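Below is one structure, written out as structure tokens; the observations come after it.
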Amino acid sequence: FSYKKTGNTKTIAGYSCEEYKVDYSYVNNNGSASLWVSTDFPVQNMQLPMLGMTLNNPYYSGFVMEMNMTNNGKTNTIRVIGVSNSSLKINAGDFKKMGF
């Protein structure tokens, strides 16, 4: 993995974000991602490997508000579109494991 802070900024769901580019190469699997990270988001120090967020990450700190991934010619985007302070209950038994 190769991480690089680009200096680009944008606002997502009202939070200031900085862009980090990530390039990676595995056997038969090459790709890149743009991570838009906010240090202003009220939730920090999360371990969400699916979003590239790990505790004590040496490459960036903050919450990933958007991720644009390109892998083997396919592009996917995950983006925070709203933030709510309401309580939410999730029944984990309603979902299948994704293998992460």
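For what it's worth, our numbering labels the leading residue of the sequence shown as 945, then goes sequentially. All residues carry an ideal CB built from backbone N, CA and C; glycine is no exception. On a predicted model such as this, the values are computed, not experimentally measured, just so you know.
- Per the coordinates, the alpha-carbon of Phe1039 lies some 35 Å from the alpha-carbon of Thr953.
- For Asp984, DSSP records no beta bridge to any residue.
- Under the rule that a run must span 3 or more residues, the beta strand (DSSP E) segments found entirely inside the stretch 1005-1042 read 1007-1015 and 1018-1023.
- Put simply, of Gly1006, Ser1028, Asn1012 and Leu979 the residue whose alpha carbon is nearest the alpha carbon of Phe985 is Gly1006.
- Ranked by how close their Cα comes to the Cα of Asn1015, the residues Tyr1003, Ile1034, Asn1001 and Asn973 have Asn973 in first place.
- A Cβ-Cβ contact shorter than 8 Å links Thr950 with Lys965.
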